[in-house]
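>
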Amino acid sequence: MPNPTGANGREVQSCPSDEVLLAAFTEYAKENGGSGLSWEHQIQRLKSEHNFTVGRTTLSKIRKRVGAPSVRKTAKSLHPADLNQRVEDLKQSDALGLWGVSQVRGRLANEGVFATRQATRNSLHDNYDDEFENRFRGKKKPKKHRTPLHALGPWHQEHSDGHEKLGEQGLMIGKGIHLPIYASKDQYAAWLHSLLLMPHVRTAQAIAHYYLDLVEGRGYRISITLIVDGGTEVVEMLKIHERLRADAAPDFTLPEWPYSVSLPSTQNTPIESFWRLKRNGEGRSIRHVLEEGANQGYFMPNDDIHKQTFYWIWVPFIQWRLDLFREYWNNHRLQDLKAKINGSGMSPKNLFLNPQAGRVDARDCSIKVRPGLVHELREAYGGMEAREKTYRFVSPNFQAAADEAYVFLGCPDINLDSIWGIFTDVVKYLDEHH
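For the sequence shown, counting from 1, position 312 maps to 312 in UniProt numbering; every step adds exactly one.
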């Protein structure tokens, strides 16, 4: 029988452009701490993200054609001296030397440098050998018995909590000086939805706007159940979640599908354990430099210009570092634990976007909510004007004046080594001109 299409029984599919494919392969290479996705998972992700079905042989040909990056390819071209320089640049943000091989390798991958584990280890031993011994934890305390957590898949159970190790009592560098953080994390995939610096994480109005932003930023999707530590600051967030879920998914009935669950901090382990890992990976270096600057007299918390300049320079800098850490976290490889029922052994990103890679019966549990209802709820909490005030650390007038000073100084690069010097120069300019 004639076959004018020549399709040989196969459905004709549209192939993404080489630019789109290269971008996808580059992102895949960043996952699992820089080891990249397996070919099976690349095939699954191409299907789910681009509706493009290929086999292993075709995948290999396409990767070669578009010049997809890989650790193996980089190993042939990346000179040890070049890797040492990239590691040195990266370690400028690790003031206390807490980043080991896995963290450095994962962060390099996020910057497009795909080094082997051995090459990364060699570079760290050659240039930061003393840090290996300093990171040795010694004898560990007996662990508490934990029952393995079990989620149906991503978007089933979502953990939220505030972190105040950079709060007033944590920093202790001046009365009222605080840099609290609020985060939300998926239980099944360990995917970090948000990691946000806020003026207040203990007020219900602030967390209400945080959650509305989170829902909007995720394409108006929510999880089935929110898990929190309790406290008055989450009351309005839980009301919003209940209203949205009841409207969008009335089939999820109580008590089988609770809107929320409140747990003590010691039992809210997915988010509490994350804070420890974040503190060891990022927070201690930032806190060290914060306290060092205050102890050396750069910062006078009782001076209003000092106080506002502190927030003007430190808030965006820390948020930038938090964004980098969130990217690192979602791409790093989770420890492979046989006793763990939820996803493990691969990146949170792959588990979140491709849940069956972690467990064959896992599925996307997200609930799509009405944008109109989200906007209606936003207005009930004061609208966008109230939202803006929720996130404001400094006044608009001071923001403009400090920006003017920064431009006058030539927009110098802000990093952990330079930040207090730039702070001092901005304060001096403001004292002289305002």
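Don't be surprised by glycine CBs; every beta carbon is placed ideally from N, CA and C.
Quick one: what's Glu292 bridged to in DSSP?
The sequence position of residue 292 within the sequence shown is 292, counting from 1. Partner(s): none; Glu292 has no beta bridge.
> Of the choices Gln13, Arg63, Trp329 and Arg65, whose alpha-carbon is the least far from that of Leu192?
One-based indexing of the sequence shown puts residue 192 at position 192. Ranking the options by Cα distance to Leu192, first place goes to Trp329.
> If you run the structure through DSSP and keep just helix, strand and coil, what is Arg202?
What you label residue 202 is simply residue 202 of the sequence shown in a count that begins at 1. Correct three-state label for Arg202: coil.
> My understanding is that Asp336 touches Gly153, with C-beta atoms under 8 Å, so please give their C-beta distance in whole angstroms.
The sequence position of residue 336 within the sequence shown is 336, counting from 1. The sequence position of residue 153 within the sequence shown is 153, counting from 1. Not quite, the Cβ-Cβ distance comes to about 19 Å (not below 8 Å), so this is no contact.
> Reducing DSSP to helix, strand and coil, say where Arg221 ends up.
As a working note, residue 221 is residue 221 in the sequence shown. Three-state result, Arg221: strand.
> For the pair the segment 124-133 and the segment 81-92, tell me if three or more CB-CB distances fall below 8 Å.
As far as the Cβ criterion goes, the segment 124-133 touches the segment 81-92, which means the pair count is three or higher.
> Per DSSP, Lys185 forms a beta bridge with which residues?
Within the sequence shown, the letter at position 185 stands for residue 185. The partner list for Lys185 (beta bridge, DSSP) reads His159 and Leu192.
> Once you ignore the five residues that flank Ala95 on each side, which residues in its own chain have a CB closer than 7 Å to its CB?
As a position in the sequence shown, residue 95 is number 95, starting the count at 1. Around Ala95: Ser285, His288, Val289 and Leu416.
> Have a look at His150 and Leu254 and give me their C-alpha separation to the nearest angstrom.
The sequence position of residue 150 within the sequence shown is 150, counting from 1. The sequence position of residue 254 within the sequence shown is 254, counting from 1. Those two C-alpha atoms are separated by around 19 Å.
> So what does DSSP say about residue 462, is it helix, strand or coil?
Given a span of 1 to 434 for the chain in the structure shown, any question on residue 462 remains unanswerable.
> Is DSSP giving Ser77 helix, strand or coil here?
Mapped onto the sequence shown, residue 77 falls at position 77. Note: Ser77 maps to helix in three-state DSSP.
> Output needed for Ala362: all residues of its chain with C-beta closer than 6 Å, excluding positions within five of it in sequence on either side, in chain order.
For this step, residue 362 is matched to residue 362 along the sequence shown. Only Gly153, Pro355 and Gln356 meet the Cβ criterion.
> Would you mind giving the Cβ-Cβ distance between Pro16 and Phe52, rounded to the nearest angstrom? I have them listed as a contact below 8 Å.
Within the sequence shown, numbered from 1, the residue matching residue 16 stands at position 16. Within the sequence shown, numbered from 1, the residue matching residue 52 stands at position 52. About 6 Å separates the two Cβ atoms, so the contact holds.
> Rounded to the nearest angstrom, what separates Glu158 and Tyr259 at their Cα positions?
As a position in the sequence shown, residue 158 is number 158, starting the count at 1. As a position in the sequence shown, residue 259 is number 259, starting the count at 1. Whole-angstrom Cα-Cα distance: 11 Å.
> Is the segment 397-415 touching the segment 224-234 in the sense that three or more CB pairs, one from each, lie closer than 8 Å?
Flag = no, the segment 224-234 and the segment 397-415 do not touch.
> So Val261 is in the beta strand (DSSP E); what residue range does that whole segment cover?
Taking the sequence shown and counting its residues from 1, one reaches residue 261 at position 261. Residues Ser260 to Ser262.
> Could you check the C-alpha separation between Leu334 and Val261 for me, to the nearest Å?
Residue numbering aside, residue 334 sits at position 334 when the sequence shown is read from its first letter. Residue numbering aside, residue 261 sits at position 261 when the sequence shown is read from its first letter. Looking at the two C-alpha atoms, the distance is approximately 25 Å.
> Below 8 Å, can you find three or more Cβ-Cβ pairs linking the segment 43-59 to the segment 108-119?
With a cut-off of 8 Å, the segment 108-119 and the segment 43-59 do not count as touching, because too few Cβ pairs lie within range.
> With a 10 Å radius around its C-beta and 16 neighbouring C-beta atoms as the bar for buried, classify Ser418 as buried or exposed.
Translated into positions along the sequence shown, residue 418 becomes position 418. Result: exposed.
> By the 10 Å Cβ neighbour count, where 16 or more other Cβ atoms means buried, how is Phe408 classified, buried or exposed?
For the purposes of this step, residue 408 is taken as the residue at position 408 of the sequence shown. Phe408 is exposed by the Cβ-count criterion.
> Look up Lys340 in the DSSP assignment and say whether it is helix, strand or coil.
Position 340 of the sequence shown holds residue 340. It is coil, neither helix nor strand.
> Spatial neighbours of Gly343 within its chain, please: C-beta separation below 8 Å, excluding the five flanking residues on both sides.
Counting from 1 along the sequence shown, the entry for residue 343 is found at position 343. Correct list, in chain order: Tyr188, Ala189, Ala190, Leu334, Leu351, Pro355, Ala357, Gly358, Arg359 and Ala362.
> CB Ala294 to CB Ile173, shorter than 8 Å?
The sequence position of residue 294 within the sequence shown is 294, counting from 1. The sequence position of residue 173 within the sequence shown is 173, counting from 1. For Ala294 and Ile173, yes; Cβs fall inside 8 Å.
> Got a sec, what are the start and stop residues for the alpha helix (DSSP H) Glu31 sits in?
Residue numbering aside, residue 31 sits at position 31 when the sequence shown is read from its first letter. That residue, Glu31, is in no alpha helix (DSSP H); it is neither H nor E in DSSP.
> Check whether the segment 54-66 touches the segment 96-105, taking contact to mean three or more Cβ pairs, one atom from each stretch, closer than 8 Å.
No, because fewer than three Cβ pairs between the segment 54-66 and the segment 96-105 fall closer than 8 Å, the two stretches do not touch.
> Can you grab the Cα-Cα spacing for the pair Val369 / Ala400, in whole Å?
Looking up residue 369 in the sequence shown gives position 369. Looking up residue 400 in the sequence shown gives position 400. Answer to the nearest angstrom: the Cα atoms are 38 Å apart.
> So the candidates are Gly176, Leu166, Phe252 and Pro301; which of them puts its Cα closest to the Cα of Gln319?
For the purposes of this step, residue 319 is taken as the residue at position 319 of the sequence shown. Of the candidates Gly176, Leu166, Phe252 and Pro301, the one whose C-alpha sits nearest the C-alpha of Gln319 is Leu166.
> Going by the CB atoms, is the gap between Glu242 and Ala208 shorter than 8 Å?
As a position in the sequence shown, residue 208 is number 208, starting the count at 1. As a position in the sequence shown, residue 242 is number 242, starting the count at 1. No; because the gap between Cβ atoms is not below 8 Å, this pair is not in contact.
> Quick one: using the 10 Å Cβ neighbour count with 16 as the cut-off for buried, is Asn397 buried or exposed?
For the purposes of this step, residue 397 is taken as the residue at position 397 of the sequence shown. Under this definition Asn397 is an exposed residue.
> Under three-state DSSP, which class holds Leu197?
Position 197 of the sequence shown holds residue 197. Reduced to three states, the DSSP call for Leu197 is strand.
> Give the single residue among Glu291, Leu78 and Gly34 whose Cα lies nearest to the Cα of Trp314.
Counting from 1 along the sequence shown, the entry for residue 314 is found at position 314. Among Glu291, Leu78 and Gly34, the Cα nearest to that of Trp314 belongs to Glu291.
> Considering only residues of the same chain and omitting the five flanking positions on each side of Gln308, which have a CB-CB separation below 7 Å?
For the purposes of this step, residue 308 is taken as the residue at position 308 of the sequence shown. Same-chain partners within the cutoff: Val394 and Phe398.
> Figure out for me which residue from Leu214, Ile305 and Val201 has the closest Cα to the Cα of Tyr429.
Residue 429 sits at position 429 when you count from the first residue of the sequence shown. Here the closest residue by C-alpha is Ile305.
> Does DSSP put Ile43 in a helix, in a strand, or in coil?
The count along the sequence shown starts at 1 and reaches residue 43 at position 43. Reduced to three states, the DSSP call for Ile43 is helix.
> Could you have a look at Lys175 and say whether DSSP puts it in helix, strand or coil?
Position 175 of the sequence shown, counted from the first residue, corresponds to residue 175. Correct three-state label for Lys175: coil.
> Quick check: what's the CA-CA separation for Gln296 versus Gly421?
Walking along the sequence shown from the start, residue 296 turns up at place 296. Walking along the sequence shown from the start, residue 421 turns up at place 421. Looking at the two C-alpha atoms, the distance is approximately 12 Å.
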